[in-house]
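2 protein chains.
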Amino acid sequence: MAADETYFPEDLFADLDRTGPVPLYYQVSSRLESAIRSGAIPAGARLENEIAIAQRLGLSRPTIRRAIQELVDKGLLVRRRGIGTQVVQGQVTRQVELTSLYEDLQNSAHTPGTRVLAHRLVPATEDVARGLGVAVGAEVVYIRRQRSTDGIPVAVLENYLPREFADITTEQLETRGLYQVLRARGVTIRVAQQKIGARRAHGDEGDLLDIDGAGPVLTMERIAFDNTGRAFEYGHHCYRPDMYSFETTLVAK
Amino acid sequence: MAADETYFPEDLFADLDRTGPVPLYYQVSSRLESAIRSGAIPAGARLENEIAIAQRLGLSRPTIRRAIQELVDKGLLVRRRGIGTQVVQGQVTRQVELTSLYEDLQNSAHTPGTRVLAHRLVPATEDVARGLGVAVGAEVVYIRRQRSTDGIPVAVLENYLPREFADITTEQLETRGLYQVLRARGVTIRVAQQKIGARRAHGDEGDLLDIDGAGPVLTMERIAFDNTGRAFEYGHHCYRPDMYSFETTLVAK
DNA sequence: TAGTGGTCTAGACCACTTT
DNA sequence: AAGTGGTCTAGACCACTAC
């Protein structure tokens, strides 16, 4: 293929489903993403222009633009006006999804384990009340868990939930991730605000993480909102730094 | 205002400029964002539906949708089909932008300072070569800086740049942020992959950060790409954890 | 001058939720 | 049944880049 030629593996898009529930832009973007991640479209390659792609696939230009934009937002493609669209150089990494640690560990083909250290109602402190949007002193559900993978401790997780979740059982928490339990109850997680930092281990954290009692831990504070915009979880977690880190992809607007 | 009424402060949008270079969707979304952050549209409020807003402002529905989508992506609004669009409850925080530490500190009304600890050409190690997409052993620019704010050390920054940036002067690095220097040379930063973790301070880091020599530090590894998709910076930084943390807003797709 | 992405329009139909 | 957001179309004009 000549150096200045453009890529577009048309055959990957032969079986678009116009009747099913999956949006066309999503079918296009996910196939395109696979082609990039697999190397079928190599790093640095230039894509055909939007109008040509739209004609080839029998779709409108806005639909193609939306498919491409999805991958721009994921950091896989870059666009320049007057120039074209190119695949980013360098190996692409997955980005931080809005999942829980439990699912992260599941996906990485390890066996996650949970030990529930505390599970009771407590009055909300000022921090918790502000996070959950309840009154100071109001009863909230407090959960403290030790999370491990393949038997090695990874994190100590402290969560606060509104009182309506008081009927969650300790057994549920031991067999599934918190977010899985909440989703099964109809909670749709939509937005999360996170703050990531570091500090020394405190109290029993060193023992629970099987590290030096004053060693460094990675910390994450999170407020999660459901699709009604209400805060339904406030969490303060600490991670063993040799077992966990956070990866993100940022895209300039 | 009745509880089930919808919000839309029409007067905020009286002066849309259809001739200037600022896109209409951006004018709408930035005004809407201000109204939310200022509390003019309170947390939990419901917006008018898209078609009504479009008619009021004399814009098309896709333009309004795009403006709203910007704020959904920022975590300020949530949308539900069949229901409507609402402001997220709870104080909204700024999100991590694709800026440098220097600019972060500038924006927070403090005086950033830089001490250049090293600035020379070095052969690329395997990690650096992979990050920048150059050959192992190829010469790259190595920069090590101590960053402080109001005289208090905040971070030790190690950066590697392609050899074409060898003419950057130490003086430039001492008076401006690295990204400011690069932008002035025409580099447009577009995508960054970051990995955030924690560890003990190593070597002289304790002295440079004015903390216990074995105390915890927050670490960030970054590969940055320009608008051509090429990697132009590989960095490995460590931060004093009581002086710096990372905030992010995640939105479920 | 030709080609590219960026923006905008004015509709259409659909899926979902509430009444 | 009525109202909402989700998707899709078929154009249009513009700004920017390269030749």
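In order, the protein sequences belong to chains A and B. Here the first sequence is numbered in the numbering used here, starting from 6 and rising by one per residue. Here the second sequence is numbered in the numbering used here, starting from 6 and rising by one per residue. We put the CB at the ideal spot given by N, CA and C, even for glycine.
Could you name the residues of the same chain whose beta carbon sits closer than 6 Å to that of A:L62, not counting the 5 residues immediately before and after it, in chain order? Residue numbering aside, residue 62 of chain A sits at position 57 when the first sequence is read from its first letter. Around A:L62: F18.
Could you check if A:I56 is buried or exposed, using at least 16 other CB atoms within 10 Å of its CB as the buried criterion? Counting from 1 along the first sequence, the entry for residue 56 of chain A is found at position 51. Under this definition A:I56 is an exposed residue.
Kindly indicate if chain B contains any beta-carbon less than 8 Å away from that of A:I69. By one-based count along the first sequence, residue 69 of chain A stands at place 64. By this cut-off, A:I69 is not an interface position.
CB contact below 8 Å: B:N232 versus chain A: Within the second sequence, residue 232 of chain B is the residue found at index 227, counting from 1. Cβ-Cβ to chain A under 8 Å: yes for B:N232.
Which full runs of the alpha helix (DSSP H) of 4+ residues lie inside the stretch 141–195 of chain A, going along the chain? The stretch 141–195 of chain A contains these whole alpha helix (DSSP H) runs: 175–180 and 183–189.
For chain B, find out if any of its Cβ atoms is closer than 8 Å to the Cβ of A:L162; answer yes or no. Within the first sequence, the letter at position 157 stands for residue 162 of chain A. For A:L162, the answer is no, since every Cβ of chain B falls outside 8 Å of its Cβ.
Environment of A:K79 [buried if 16+ CB atoms lie within 10 Å]: Sequence index remark: in the first sequence, residue 79 of chain A carries index 74 (1-based). By the 10 Å Cβ count, A:K79 comes out buried.
Using a Cβ-Cβ cut-off of 8 Å, state whether A:A8 counts as contacting chain B. Sequence index remark: in the first sequence, residue 8 of chain A carries index 3 (1-based). Note that A:A8 has pLDDT 45, beneath the 50 cutoff, so the model's placement of it is unreliable and no number is given.
Helix, strand or coil at B:Y244 according to DSSP, with G and I counted as helix: Along the second sequence, one-based indexing puts residue 244 of chain B at 239. Looking at B:Y244 - three-state DSSP - the assignment turns out to be strand.
May I ask you to list the residues that DSSP assigns as paired with B:E10? Translated into positions along the second sequence, residue 10 of chain B becomes position 5. B:E10 pairs with nothing; no bridge assigned.
Burial state of A:M6 (16 or more Cβ within 10 Å): Counting from 1 along the first sequence, the entry for residue 6 of chain A is found at position 1. Because the pLDDT of A:M6 is 42, which lies under 50, any placement of that residue in the model is unreliable, and the question is left without a value.
At a CB-CB cut-off below 9 Å, which residues of chain B make contact with A:A45? Mapped onto the first sequence, residue 45 of chain A falls at position 40. Residues of chain B whose Cβ lies closer than 9 Å to the Cβ of A:A45 do not exist, since the nearest Cβ in that chain is about 17 Å away.
Buried or exposed: B:D231, going by 16 or more other Cβ atoms within 10 Å of its Cβ? Against the second sequence, residue 231 of chain B aligns to sequence position 226. Burial check for B:D231: the Cβ neighbour count within 10 Å reaches 16 or more, so the residue is buried.
Just to confirm my understanding: we take B:G5, look at its own chain, exclude 5 residues before and 5 after, and list those with CB closer than 6 Å. What are they? Because chain B in this structure spans residues 6 to 258, residue 5 of chain B falls outside the shown range and cannot be described.
I think B:L21 touches B:L29, with their Cβ atoms under 8 Å apart; what is that distance to the nearest whole Å? As a position in the second sequence, residue 21 of chain B is number 16, starting the count at 1. As a position in the second sequence, residue 29 of chain B is number 24, starting the count at 1. With a Cβ gap of about 6 Å, B:L21 and B:L29 count as contacting.
Is the separation between the beta-carbon of B:V256 and that of B:V77 shorter than 8 Å? Reading the second sequence from its first residue, position 251 is the one you call residue 256 of chain B. Reading the second sequence from its first residue, position 72 is the one you call residue 77 of chain B. Annotated as proximal: B:V256 and B:V77, with beta-carbon spacing under 8 Å.
If the cut-off is 7 Å on Cβ atoms, which residues from the stretch 70–96 of chain B count as contacting chain A, listed in chain order? When C-beta distances to chain A are compared with 7 Å, the residues of the stretch 70–96 of chain B below that value are G80, V83, R85, Q91, V92, V93, Q94 and G95, in chain order.
Thinking just about the alpha-carbon of each residue, which of A:L64, A:R86, A:G44 and A:T24 is nearest to the one in A:V33? Locating residue 33 of chain A in the first sequence gives position 28, counting from the first residue. Closest option to A:V33, Cα to Cα, is A:L64.
Continuous alpha helix (DSSP H) stretch holding A:T68: start and end: Here residue 68 of chain A refers to the residue found at position 63 when the first sequence is read from its first residue. Segment R66 to D78, the alpha helix (DSSP H) holding A:T68.
Kindly indicate the opening and closing residues of the beta strand (DSSP E) around A:D231. By one-based count along the first sequence, residue 231 of chain A stands at place 226. Start and end: P221 to D231.
Between A:T11 and the rest of its own chain, which residues show a CB-CB distance below 7 Å, the 5 nearest in sequence each way excluded? Start at 1 with the first residue of the first sequence, and residue 11 of chain A comes out as number 6. Answer for A:T11: R51, L52 and E53, listed in chain order.
Please return the same chain residues whose Cβ sits closer than 8 Å to the Cβ of A:A206, not counting the five positions on each side in sequence. Here residue 206 of chain A corresponds to residue number 201 of the first sequence, with the count starting at 1. Within the same chain, A:A206 has close Cβ partners L214, I216, D217, G218, A219, G220, P221, V222 and C243.
Beta-carbon proximity list for A:A203, same chain, < 8 Å, skipping 5 on both sides: Along the first sequence, one-based indexing puts residue 203 of chain A at 198. A distance below 8 Å between beta-carbons, with the five flanking residues on each side excluded, links A:A203 to the following residues of its chain, in chain order: P221, V222, L223, T224 and P246.
Taking C-alpha atoms, which residue in B:N164, B:E131 and B:E144 lies nearest to B:Q151? If you number the second sequence from 1, residue 151 of chain B lands on position 146. Minimum Cα distance to B:Q151 is reached at B:N164.
Along the stretch 22–42 of chain B, what residues have a CB closer than 9 Å to any CB found in chain A? From the stretch 22–42 of chain B, no residue has a Cβ closer than 9 Å to chain A.
From B:Q96, B:Y147, B:A229 and B:I173, residue whose alpha carbon lies closest to that of A:G234: Residue mapping note: residue 234 of chain A aligns to position 229 of the first sequence, counting from 1. For A:G234, the nearest C-alpha among the options comes from B:Q96.
Identify, in the order they occur along the chain, each residue of the same chain with its Cβ nearer than 7 Å to the Cβ of B:R125, setting aside the five sequence neighbours on each side. By 1-based counting over the second sequence, the position of residue 125 of chain B is 120. Answer for B:R125: Y147, listed in chain order.
Name the chain A residues whose beta carbon is nearer than 9 Å to that of B:E252? Looking up residue 252 of chain B in the second sequence gives position 247. Within chain A, the residues near B:E252 are Q198, Q199, K200 and I201.
Sequence-distant residues of the same chain with beta carbon closer than 6 Å to A:L178, five excluded per side: For this step, residue 178 of chain A is matched to residue 173 along the first sequence. Contacts found: V121.
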